[in-house]
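Quick look at the structure:
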């Protein structure tokens, strides 16, 4: 398989991506990795058999305007998307601006037939060990129609089936109450659409406190609410982690307590660490397109590479096309 | 002062409210408490000097239709609101249906001049010790205009000033990015309105992961996103608490660890316990109207009573009227 990586896009630049790609390429000698970026910065990747350097001149800013993203044809992201097409790659990764990834991928890779807006999807850990749920859209859109929410439900359901080999994933609609008539018109109308689609296992409305318990497999939401959901969950878990640290640091006794209970808390940390996921797939695009965390470090960029690799290997895009 | 309590509304019925009101009335002998509900159930409140029983026949269901709430004139909530008006009370509390509280309070107590939609406001703990932020609206509305978000900003700012004696609370707009042009049209237009209002200390857009760190005082949001924010935060903190418990229960060593570190974790638990808040004020209504948690227990209903008491004592409604 062939992968193309925008090496420059994240907050931490090529330092993080070089390390991660070096390691990943070593473990996947049969695959080829196109690394797009400033050639001088990427010199340590020179001479590695399965790595091909592709030069670029500029780097898109995190808050880049979509029009600038399109017109700056020398940017690492733009050239990476071109490389994806020219070299018929199997996967694309960037830790750069979400808006730019969305714009360039939609423009150049095109949408899948029947999809009006792509959506960002990613898995989350739950209170149930080894149980994940996915949520779509997490912020590719700021406003969606009921038809788009229906498309998200279908794509999310297929994603879950393919990635977790699970036949009838439970689909829920993020809403502010569980009863059918809750929420605004968009939610009430989407509820009806999802309920009528017999290809979905729709379990109704889901409130923000429920998904982490693991009672839903595919959480469907517009990009605005989905992003609020994502960020609020990340922030809450992060602050709780800081408070756990502080609790152990309180005095000499609690510090001793930490030594005893370390094993339990290492497990908790590992389980809830969002770096184990690393990114989100832009679904609805004719290609495997992964948006890695803007502030990716080695661990999370490696997870994004793993995500891209496994989705490409499962040929998720063909499977989605078929199912739609 | 005089308070009226819907004794029947919550998931746990009068069992919880009786205990809490008994204790609270004992500590506030100079105040009068009108307790509305099934007289037989409330018999243990008989003969207490500062408690007056008010009989009601029915109880509104949690998912009651607003029209039913209006027409069921014998319900504890309906009679409680009437009592508030007839006895010129200073505060009203119900753990019943949010929609019914909103409907009956708006209909009978009326909105404040200049307010088109009331909003639910409540304080949240943050990572900074003793630092709170408030968020409005948390779910009284399912859709809001920019003018309503502006009203929430003004009311939230006044609430913060009065409750925390803090002169220039930082107002932020819940959004999916920090830059001015982020989000959908509603957010962009609201951003301009808040930015132009020189009576507010507007600090811009706030993402869902930020408020818990304590960098904003008043978080402004429409009721739909606000409710997603509230529930997601509650759920995440709750699941993290369960995971902490599990981590300590992992094996004999971690159990010993718990004994050593208990003090630190008791503090964490107390700090993040939403039962310490107990409810939300319905702001924009001509009265102090507190919606207690539907699943209130003794601790959280007592907190709701405390909230109601302190807001009434500060004469928050007159102060809001003046400031608007």
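Residue numbers (my numbering), protein chains in the order written: chain A, -19 to 304; chain B, -19 to 304.
The beta carbon of each residue, even a glycine, is placed where N, CA and C say it ideally should be.
- Taking Cβ-Cβ distances shorter than 9 Å, what residues in chain B pair up with residue 213 of chain A? Against the first chain, residue 213 of chain A aligns to sequence position 233. In chain order: 188, 189, 212, 213, 215 and 216.
- Does the pairing of the segment 279 to 294 of chain A with the segment 117 to 134 of chain A give three or more beta-carbon distances under 8 Å? no
- Task: Taking a Cβ distance cut-off of 7 Å, strictly less, list which residues of the segment -17 to 14 of chain A are near chain B, in chain order.
- Result: none
- Could you tell me whether any Cβ in chain A is nearer than 8 Å to the Cβ of residue 43 of chain B? Within the second chain, the letter at position 63 stands for residue 43 of chain B. Yes - at least one Cβ of chain A is within 8 Å of the one on residue 43 of chain B.
- Item | Neighbour-count burial assignment, residue 232 of chain B, 16 or more Cβ in a 10 Å radius | Start at 1 with the first residue of the second chain, and residue 232 of chain B comes out as number 252. The residue in question, residue 232 of chain B, is exposed, as its Cβ has fewer than 16 Cβ neighbours within 10 Å.
- Name, in chain order, the residues that DSSP records as bridge partners for residue 181 of chain B. Here residue 181 of chain B is taken as the residue at index 201 of the second chain, counted from 1. According to DSSP, residue 181 of chain B bridges with B/150.
- According to DSSP, is residue 80 of chain B helix, strand or coil? Here residue 80 of chain B refers to the residue found at position 100 of the second chain. Three-state DSSP puts residue 80 of chain B in a helix.
- Query: Per DSSP, residue 112 of chain A forms a beta bridge with which residues?
  - Reply: Against the first chain, residue 112 of chain A aligns to sequence position 132. Looking at the DSSP assignment, residue 112 of chain A forms a beta bridge with A/105.
- For residue 257 of chain A versus residue 98 of chain A, is the C-beta spacing smaller than 8 Å? By 1-based counting over the first chain, the position of residue 257 of chain A is 277. By 1-based counting over the first chain, the position of residue 98 of chain A is 118. Their beta carbons are not under 8 Å apart, which means residue 257 of chain A does not touch residue 98 of chain A by this criterion.
- Just by C-beta distance, which residues in the segment 239 to 259 of chain A are closer than 8 Å to chain B? 239, 240, 241, 242, 243, 244, 245, 247, 248, 251 and 252
- What three-state label does DSSP hand residue 287 of chain B in the structure shown? Stepping through the second chain from its first residue, residue 287 of chain B is reached at position 307. Helix.
- Task: Enumerate, from N- to C-terminal direction, the unbroken beta strand (DSSP E) stretches of 3 or more residues contained entirely within the segment 243 to 297 of chain B.
- Result: 259 to 263 and 269 to 272
- Query: If we cut at 8 Å on Cβ distances, does residue 389 of chain A have a partner in chain B?
  - Reply: In this structure chain A extends from -19 to 304, so residue 389 of chain A is not present and cannot be described.
- Counting Cβ pairs, one atom from each stretch, are 3 or more of them under 8 Å apart for the segment 269 to 279 of chain B and the segment 105 to 113 of chain B? no
- Item | Closer than 7 Å at the beta carbon, the chain A residues around residue 159 of chain B | Translated into the one-based positions of the second chain, residue 159 of chain B becomes position 179. Chain A residues near residue 159 of chain B: 43.
- Message: Contact criterion: CB-CB distance below 8 Å. Does residue 40 of chain B meet it with respect to chain A?
- Response: To locate residue 40 of chain B, count along the second chain from 1; it is residue 60. Not closer than 8 Å to any Cβ of chain A, the Cβ of residue 40 of chain B fails to qualify, so no.
- Message: Taking the straight line between their C-alpha atoms, what separation do you get for residue 273 of chain A and residue 81 of chain A?
- Response: The residue you call residue 273 of chain A lines up with position 293 of the first chain. The residue you call residue 81 of chain A lines up with position 101 of the first chain. Using only the alpha carbons, I get a separation of about 12 Å.
- Message: Taking CB distances under 8 Å as the criterion, tell me whether residue 175 of chain B reaches chain A.
- Response: Taking the first residue of the second chain as position 1, residue 175 of chain B is located at position 195. No, residue 175 of chain B lies away from the interface with chain A (no Cβ there is under 8 Å from its Cβ).
- Message: Looking at residue 115 of chain B: is its Cβ nearer than 8 Å to the Cβ of residue 206 of chain B?
- Response: Sequence index remark: in the second chain, residue 115 of chain B carries index 135 (1-based). Sequence index remark: in the second chain, residue 206 of chain B carries index 226 (1-based). Yes, these two residues count as a Cβ contact at 8 Å.
- Query: Candidates B/199, B/298 and B/283: which alpha carbon is nearest residue 118 of chain B's?
  - Reply: Along the second chain, one-based indexing puts residue 118 of chain B at 138. Residue B/199 is the option with its Cα nearest to residue 118 of chain B.
- Helix, strand or coil at residue 156 of chain B [DSSP, three-state]: Your numbering for residue 156 of chain B matches position 176 in the second chain. DSSP places residue 156 of chain B in coil when its eight states are reduced to three.
- Item | Interface residues of the segment 62 to 79 of chain A facing chain B [CB-CB below 7 Å] | none
- Are the beta-carbon atoms belonging to residue 283 of chain A and residue 249 of chain A less than 8 Å from one another? For this step, residue 283 of chain A is matched to residue 303 along the first chain. For this step, residue 249 of chain A is matched to residue 269 along the first chain. In this structure, residue 249 of chain A does not lie closer than 8 Å to residue 283 of chain A by Cβ.
- Task: Inspect the CB distances between the segment 42 to 50 of chain B and the segment 226 to 243 of chain B and report whether three or more fall short of 8 Å.
- Result: no
- Message: Let's see if you can read the secondary structure: which residues bound the beta strand (DSSP E) around residue 38 of chain B?
- Response: Looking up residue 38 of chain B in the second chain gives position 58. That residue, residue 38 of chain B, is in no beta strand (DSSP E); it is neither H nor E in DSSP.
- Query: Using a beta-carbon distance cut-off of less than 7 Å, what residues from the segment 106 to 130 of chain A approach chain B?
  - Reply: 107, 119, 122 and 123
- Query: Should residue 94 of chain A go down as buried or exposed, given a rule of 16 or more other Cβ atoms within 10 Å for buried?
  - Reply: Counting from one through the first chain, the residue named residue 94 of chain A turns up at place 114. That one is exposed.
- Cα-Cα, which of B/185, B/148 and B/177 is closest to residue 166 of chain B? The residue given as residue 166 of chain B occupies position 186 in the second chain. Nearest of B/185, B/148 and B/177 to residue 166 of chain B, Cα basis: B/185.
- Would you kindly work out how many angstroms separate the C-alpha atoms of residue 120 of chain A and residue 261 of chain A, rounded to a whole number? Against the first chain, residue 120 of chain A aligns to sequence position 140. Against the first chain, residue 261 of chain A aligns to sequence position 281. If you take the alpha carbons of residue 120 of chain A and residue 261 of chain A, they lie about 10 Å apart.
- Message: For residue 240 of chain A, list the residues DSSP reports as bridge partners.
- Response: Taking the first chain and counting its residues from 1, one reaches residue 240 of chain A at position 260. Paired residue(s): none; residue 240 of chain A is not in a bridge.
- Message: So, for residue 146 of chain B: in the same chain, excluding its five sequence neighbours on each side, which residues have a beta-carbon less than 8 Å away from its beta-carbon?
- Response: Counting from one through the second chain, the residue named residue 146 of chain B turns up at place 166. Closer than 8 Å at Cβ, skipping near neighbours: 140 and 197.
- Query: From residue 100 of chain A to residue 246 of chain A, what distance separates their C-alpha atoms?
  - Reply: Sequence index remark: in the first chain, residue 100 of chain A carries index 120 (1-based). Sequence index remark: in the first chain, residue 246 of chain A carries index 266 (1-based). Approximately 29 Å, taken between the alpha carbons.
- Task: Measure how close the beta-carbons of residue 174 of chain B and residue 151 of chain B come, nearest whole angstrom, since I'm counting them as under 8 Å.
- Result: Stepping through the second chain from its first residue, residue 174 of chain B is reached at position 194. Stepping through the second chain from its first residue, residue 151 of chain B is reached at position 171. Right, the Cβ-Cβ distance comes to about 7 Å (below 8 Å), so this counts as a contact.
- Query: Are the beta-carbon atoms belonging to residue 56 of chain A and residue -12 of chain A less than 8 Å from one another?
  - Reply: Taking the first chain and counting its residues from 1, the one referred to as residue 56 of chain A is at position 76. Taking the first chain and counting its residues from 1, the one referred to as residue -12 of chain A is at position 8. Yes, these two residues count as a Cβ contact at 8 Å.
- Own chain, CB closer than 8 Å to residue 180 of chain A, minus 5 neighbours either side, in chain order: Here the question's residue 180 of chain A lines up with position 200 in the first chain. Excluding sequence neighbours, residue 180 of chain A sits near 133, 134, 137, 151 and 174.
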